[in-house]
Structure formats: C-alpha cells, structure tokens
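Residue numbers (the numbering used here): 165 to 985.
Even for Gly, the Cβ is constructed at its ideal location relative to N, Cα and C.
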C-alpha cells in the first residue's frame with residue numbers, strides 16, 4: 165500500500181512540474197534562471213522572439229546581453245536579488261542582430277532548503293512602449309515649444325488640488341509675472357478682474373462648472389497694475405461622475421485689438437476731418453433724443469446748417485483750403501453749444517445741431533442768429549481772407565415731427581426755404597410753406613435718386629422744311645414721369661439738375677437714349693433724320709464730353725452725321741476758348757452745331773463769325789411777337805439775313821400759327837419747329853407722322869388741354885376771384901402745406917376753372933382744396949384737376965372738379981343763382 169502511495173505522489177509531482185514548465189514555455193514574456201554568479205541556466209522559448217537567440221544559445225554570464233551603459237545598473241540589481249530582494253527595473257539589451265531592445269525586468273531570488281541558490285528572471289519587451297513614451301515626450305516638448313512661442317497664454321489647472329499643471333511663457337507678457345511665479349504664488353484670479361467686469365466673469369464661471377466651455381472678454385489688472393483687455397477661452401474637464409476636475413484655457417491680450425476697434429468705431433461714427441460726429445452717429449443720437457423727450461414730454465430743436473459759397477472756395481482755392489475752412493467753421497459752431505447739445509457734420513458743407521433744455525422755441529432762433537452772425541466774420545486761411553455765410557433751417561420737436569424721418573424731412577424743408585429766400589438767413593419749419601417751394605424741394609430730392617431708365621423718356625418734335633413740308637430733323641426733348649407730380653417738362657427739373665450736377669449723368673443718358681433710337685430706326689429700315697440734343701453749358705465744357713460721345717457712338721453704331729448739338733450763348737460766354745476747342749473737335753467728328761435761343765442772351769455777331777455754327781435758332785419769344793411787335797419783327801428779319809450771309813441755316817422755334825409761318829416763308833427761314841406742325845410726341849407717334857411724305861398743319865389750339873366738361877350752370881365771372889389753393893393729399897398721403905394764390909375764372913355746380921403760374925399734374929390721386937371769401941360766407945371746397953392748358957410761358961389754366969356733399973351742393977347752387985341775377 166505504501167508503495168502505491170509513493171508512486172502516486174511521484175506521479176503528482178512530475179505532473180505539477182510539467183504544468184509549471186508548460187506555463188513557463190507559454191508565458192508571453194521571457195523567463196530565465198541564473199545561478200549566483202549570473203550565469204544563465206535556462207530560458208523559455210520566448211527568448212528567441214525577444215532577443216533572437218534560441219534557448220540553447222543562451223548560456224554564460226548575462227553581461228554580454230546588456231548595453232554597456234546599463235551594465236553596472238543591471239549588476240547592482242542582480243546583486244540585490246542575490247541578497248534576497250526582489251528587483252524591478254528597466255534596461256536596454258542587445259538583440260542577436262545588434263539592435264537594442266528595451267526590457268522591463270523582474271528578478272526574484274530562488275531558495276532551496278532555506279538558502280538562496282539562484283535568481284529567477286522575467287523580462288518584458290517594452291521597446292514599443294518606450295518609443296511611444298519618447299514620441300509623447302517629444303510631442304510634449306514640441307507642444308510646449310509651440311505654446312511658449314505663441315502670444316497666447318496656455319494653462320491647465322487641477323481644480324481639486326488648486327494647482328497649475330502647465331503655464332506657458334506668454335503668461336509673463338500678459339499678466340506681468342513669470343510662469344513659475346504664477347504657478348507658485350498665483351493670487352486668486354478673481355482679484356485680477358476689473359471690478360466693472362466681475363459680474364460677467366462670475367456668470368461664465370457658473371457655466372464652466374456645468375461643463376460648458378466659455379469664451380468672453382474682460383479687463384484685468386496685471387502684476388504692474390496696468391489695465392489690459394484679455395480674451396479668455398476656457399474648457400472644463402469633468403470626471404465620470406460629472407465633477408469638474410480640470411480647467412484648460414487660453415488667454416490672449418487683446419488690448420491692441422480693442423484699441424484698434426475703438427479707433428475703427430470712432431471713425432465709423434465721426435467725421436475724419438473735423439472730429440465731429442458724422443451723419444450715422446447724429447441720426448442715432450437723434451433717435452435716442454426723440455425717445456427720451458417723448459417719455460419726458462419735453463421739446464428740443466433741430467438745426468440744419470448749409471454753408472453758402474463754400475463750393476466757390478473749394479473750386480477756386482482748392483480742397484486743402486476748403487478743408488481748413490470746415491475745421492474753423494466747426495470750431496466756431498462748437499462755441500455756441502450748451503452742455504449736452506450735439507453738433508455733427510453730415511457731409512460736405514452741411515452741419516446739424518440738437519439743442520436741448522429750451523424754455524422757449526425762440527431760444528433756437530437766438531442761437532441760430534448768433535451762429536449766422538459769427539460765420540459772417542472773416543476767416544483767414546493760408547493768407548487768404550475768406551468770407552462765407554450760412555443758411556439755417558430749424559425744426560422743433562414734437563410739433564414739426566415725432567419721428568426721425570419726419571423731423572429730418574421738415575427741418576430740411578426749412579433749410580431749403582432759407583436758401584431760396586436769399587441765403588444767409590434762418591427759417592423755422594412751418595406747414596405754411598407754399599406748394600411751389602414744396603414741389604421744388606421734392607423734385608430736387610427725388611432727382612438724386614431717380615431711376616433714369618424707368619422715370620425719364622424722350623419726346624421728339626419734328627423740324628419741317630416750310631417749302632416742301634417735309635420733316636428734315638427732330639429735336640429730342642426729355643420728360644420726367646414723376647411718381648407724384650406726373651409728366652414734367654424740362655423747365656421744371658433741368659435747372660435743379662444743373663444746380664446739383666446731376667446734369668452730367670442725365671445729359672449722357674439723353675445722348676445714349678437718342679443714339680439707341682437712331683440705331684433702332686436704322687435696323688428697322690426706317691428713314692432717319694438728324695436729331696438735335698440740348699447740351700447744358702456745364703456738360704458742354706466738361707473735359708470728357710468728346711470722349712464720352714465717341715464711346716456712345718461706338719456702342720450704338722451711329723453715324724455722327726445724324727446728331728446735332730444745341731448749345732446756348734451761356735456756354736460760349738463762360739469760356740470762349742474752351743468752347744471754340746470743343747466745337748472744333750465736334751465738327752471734326754461730324755456733329756452739327758446749333759446756337760440755341762439766339763438773341764435772348766448776350767448776343768454778339770462776333771460769336772457767329774468766330775464759332776461758325778451750322779444752325780441759328782430764333783427763340784420763340786421773338787416768333788410770338790413778329791405780327792404784333794415791330795421790334796420783334798425787325799430782330800427776326802435781321803437774324804435771318806445775317807445768318808444767311810454767313811452761310812448758316814436758321815431754325816424758327818415756337819411757330820404756332822399760319823400767319824407766323826407765312827412771315828417766315830417770306831424771309832426764307834430754312835426750318836420750322838413748333839406746335840403748328842406737331843407738339844413733341846413719343847416715338848410711335850413720331851414714326852406715324854414721319855411715315856407721311858408731307859406733314860400737315862395741326863390744330864394748335866388746345867394742344868395741351870383735355871376736353872373740358874361743361875356744366876348745366878357755368879358762370880363766367882366778370883372780375884376774376886382771388887382764391888387760395890392748398891394740396892391736401894398726394895397718393896392718399898395727407899400733407900401739410902401752405903396756400904398758393906390762384907385766380908378763379910368761372911364756376912359751376914360741378915367745378916370751376918382757375919389759373920396760376922404753378923404747373924400741376926393731372927392726377928386723380930392729387931387732392932386740392934380751394935378757399936375764397938367771394939361769397940356770403942367763406943367757401944372751401946375739395947376736389948381734383950381734370951384738365952390743364954398752358955396759356956403762355958409760366959401761366960397755366962386748370963379745370964377743377966368739386967367733391968361736394970349734398971348740403972354743400974345745395975348751398976353753392978343758391979350762391980350761383982345770386983351771382984347770375
């Protein structure tokens with residue numbers, strides 16, 4: 165039985181040894197044994213995977229397998245293991261093929277009968293781990309180098325230990341302390357925050373604790389006590405439990421950027437020349453002021469100022485003198501301001517002032533009067549003694565407007581009124597500004613923003629050979645289809661275009677439009693006659709006229725022979741030499757030149773001799789008087805004889821009767837133009853007229869008049885009745901305007917006829933009110949214009965339809981019956 169037990173025990177031990185050896189052989193690391201001298205006794209199979217040796221090749225001292233630099237270290241650890249101490253260390257070994265392998269080694273002393281007889285060794289290949297650590301270390305160094313080269317401060321803070329893990333060098337520049345001092349002696353960051361920004365800082369700290377990254381700007385007091393603007397971007401790091409454990413952040417000094425932003429913002433809201441607030445800043449201030457004054461039920465005054473004759477100074481002495489003048493004007497204006505008042509330069513030579521704390525509107529008049537008096541005083545700039553004046557419009561809040569746009573518009577109207585009243589004066593806005601002033605104001609503003617292609621169009625008036633009645637030419641006449649005032653003739657807006665310099669662009673548009681029409685006639689195979697175009701004096705003397713003409717002719721493929729330029733004596737008088745040069749250039753191109761309105765200006769026979777124009781146009785004022793005024797008759801005869809002797813042709817414009825035609829035929833006038841043959845008409849109607857071989861005499865009476873409706877009762881008044889007319893609505897919008905005098909010529913139950921110098925459109929959406937005291941009691945009636953007729957230059961006649969209630973109609977009927985008796 166004992167023998168059997170011994171046999172079983174022996175088999176068990178052998179089995180355990182085999183299991184142990186199997187475990188060693190299949191262990192993923194290299195396992196080996198050494199004697200007390202350091203000789204390798206055995207090694208598992210993994211030695212070949214790690215060091216390239218087979219287990220049979222590993223023998224003798226371990227020294228030869230260790231990199232020389234690490235040998236002493238390994239021997240020391242081996243000796244400690246032999247002395248009975250377990251050792252853990254890393255070293256570099258030498259592969260069979262010569263390259264190095266990083267190993268993590270554990271040495272364990274082995275015992276037999278209580279004595280140390282050798283050393284077990286476990287070696288783990290950590291070469292890849294070491295390479296990864298080296299790369300990470302290299303990356304960390306690189307990152308630190310990058311961070312330290314940036315102007316941005318980079319930091320990482322352990323929240324639980326309240327310890328900085330990393331701080332870049334830029335912190336020293338931004339905060340005025342070294343990174344080390346920042347780490348070791350860092351004061352509470354909150355102590356550096358500017359008091360005015362602390363509330364915003366705290367709000368962001370709350371968001372960080374919720375795990376939300378933050379980006380915000382605030383001011384700090386750096387280590388030197390200097391205020392700086394910084395931008396902070398902070399990123400919270402939470403543990404798995406959602407607790408804030410670390411903050412990583414970037415901090416940037418944005419003081420310079422803030423300074424630049426302030427400069428940009430300043431110049432965005434201030435005039436670069438005078439340093440005054442500009443239009444944008446002024447309108448913002450006006451908006452704020454209106455809101456405040458509405459809440460407080462207080463008034464204030466708005467002053468609009470425009471310098472008179474500033475453009476003359478600028479054009480004569482140059483912009484540098486003009487700029488200095490504007491600066492000096494700004495300084496003088498500033499002296500008239502009270503605290504909290506606002507002065508702004510709106511642009512050019514326009515200024516505006518907001519006057520607060522007025523006890524009475526008359527205070528604004530006093531201040532404006534003082535300004536006018538002060539601006540009149542001499543300015544001395546670069547040894548030039550300059551004298552200018554200013555016109556001022558005044559609007560009072562709230563009666564002259566309760567919104568920015570309304571108050572600005574009405575104050576602008578007052579300024580316009582001041583300038584039309586002779587300049588160098590002030591005008592308070594008043595709803596009694598008359599219709600004509602209002603119309604001019606509206607037209608000037610609308611002209612600046614008009615869409616030429618949509619609002620303007622060209623009419624053509626035939627020029628006729630009086631002998632053959634053939635159309636030999638046409639004059640292009642611009643019209644403006646104004647959205648409120650209807651079709652406007654050139655006399656109503658060309659002076660405004662001249663004054664505002666829009667005439668340059670408008671004149672070029674007319675020239676291009678006419679050339680496009682000529683080209684269209686050519687493409688359609690229709691006959692073509694020369695078309696004359698009125699060239700304003702300003703445009704005629706501008707240097708680029710010839711170049712612009714050549715460009716348009718090229719673009720439209722038009723022969724210059726089909727164009728005739730009509731110039732006035734004003735063009736010649738302004739600069740004779742320049743005018744002669746331009747005429748010569750135009751005639752070389754092939755353009756025909758006509759001297760318009762001859763005899764109405766500073767007529768000089770020398771002009772005809774010197775400039776050698778192709779045509780002379782006799783003004784309509786002489787044609788109108790040839791049958792009734794011997795002076796006019798003599799002038800017309802003289803012009804015809806003189807022009808013919810100088811080999812020039814003559815055009816008579818404004819011919820309206822056959823008697824005038826007969827006179828002109830008798831004295832061999834070359835070309836006739838006027839309502840006798842045709843009024844200015846659109847392209848389609850002109851084509852229809854031109855399609856006939858001869859043009860017929862038209863009925864020139866009532867050419868500009870729509871049929872007048874007749875009333876059952878129509879009283880022709882023996883003596884004209886003086887009345888006042890106001891515009892009450894335009895396109896459904898009520899307006900407040902003063903009255904304009906009109907003369908009532910007849911009246912009936914349904915309407916009346918009146919005349920005035922004011923030209924009004926025939927529009928159903930234009931509502932008028934006419935008032936008179938000619939009856940037993942004041943009579944005021946609303947209505948609209950049905951028709952109009954031009955009686956003579958600057959005199960118009962209108963048919964007016966009443967809008968009466970039944971009671972008003974009955975009352976008027978009684979009054980008319982009284983008048984008829």
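The C-beta distance from residue 438 to residue 475 rounds to 18 Å, too long to meet the 8 Å contact threshold.
Inside the segment 255 to 338, DSSP marks whole alpha helix (DSSP H) runs of 4 or more residues at positions 291 to 313, from first to last along the chain. A direct Cα-to-Cα measurement between residue 753 and residue 427 gives close to 54 Å.
With respect to the 8 Å criterion, residue 576 and residue 513 are not classified as neighbours on the basis of their beta carbons. Inclusion of residue 761 and residue 720 in the CB contact set at 8 Å is not warranted, their separation being larger than that value. For residue 424, the enclosing alpha helix (DSSP H) covers residues 419 to 433. The C-alpha of residue 413 is placed about 17 Å away from the C-alpha of residue 403.
DSSP places residue 498 in the helix class (H, G or I) of the three-state scheme.
Close CB contacts of residue 838 within its chain, under the 7 Å cut and outside five residues either way in sequence, are with 817, 818, 819 and 820 (chain order). For residue 561 against residue 464, the beta-carbon gap comes to about 5 Å, under 8 Å, which counts as contact.
With a threshold of 16 other beta carbon atoms within 10 Å, residue 612 falls short and is exposed. Residues of the same chain with their beta carbon placed closer than 6 Å to that of residue 689 are lacking, with the five preceding and five following residues left out of the count. Contact annotation: residue 288 and residue 215 have beta-carbon atoms that are not nearer than 8 Å. Within 10 angstroms of the beta-carbon of residue 605 lie 16 or more other beta-carbons, which makes it buried. Counting other Cβ atoms within 10 Å of its Cβ, residue 646 reaches 16 or more and is therefore classed as buried. In the DSSP annotation of this structure, the continuous segment of the alpha helix (DSSP H) that includes residue 679 starts and ends at 667 to 687. Judged by DSSP secondary structure, residue 758 falls outside any alpha helix (DSSP H) and instead within the beta strand (DSSP E) spanning 756 to 762. The DSSP-derived three-state label of residue 476 is helix. For residue 953, no alpha helix (DSSP H) segment is defined; the enclosing uninterrupted segment is the beta strand (DSSP E) at 943 to 956.
Three or more Cβ pairs closer than 8 Å define a contact, and the segment 913 to 926 meets that threshold against the segment 959 to 977.
Spatial neighbours of residue 771 in its own chain (CB-CB distance under 8 Å, excluding positions within 5 residues in sequence) are listed in chain order as 733, 736 and 759.
Between the alpha carbons of residue 886 and residue 860 lies a distance of about 41 Å.
Closest in alpha carbon position to residue 423, among 633, 392, 511 and 415, is 392. Here residue 623 is not near residue 607, since their CB atoms are 8 Å or more apart. Counting only unbroken stretches of 3 or more residues, the beta strand (DSSP E) elements lying wholly within the segment 706 to 755 are 727 to 732, in sequence order. Between residue 290 and residue 267, the C-beta spacing is below 8 Å.
In the assembly as shown, residue 430 is an exposed residue. Its beta-carbon has fewer than 16 other beta-carbons within 10 Å. DSSP places residue 393 within a strand segment (E or B) once states are collapsed to three. Around the beta-carbon of residue 247, fewer than 16 other beta-carbon atoms lie within 10 Å, marking it exposed.
Contact between residue 552 and residue 479 does not hold, since their C-beta atoms are separated by about 13 Å, which reaches or exceeds 8 Å. C-alpha of residue 804 to C-alpha of residue 583: approximately 42 Å in a straight line.
Counting the other Cβ atoms within 10 Å of the Cβ of residue 755 gives 16 or more, which makes it buried.
Nearest Cα to residue 826 within the set 545, 631 and 336: 631. Here residue 444 carries a helix assignment [DSSP, helix/strand/coil]. In the structure shown, residue 919 adopts extended strand secondary structure according to DSSP, grouped into three states. Checking the DSSP bridge columns, you'll see residue 696 partnered with 639 and 728.
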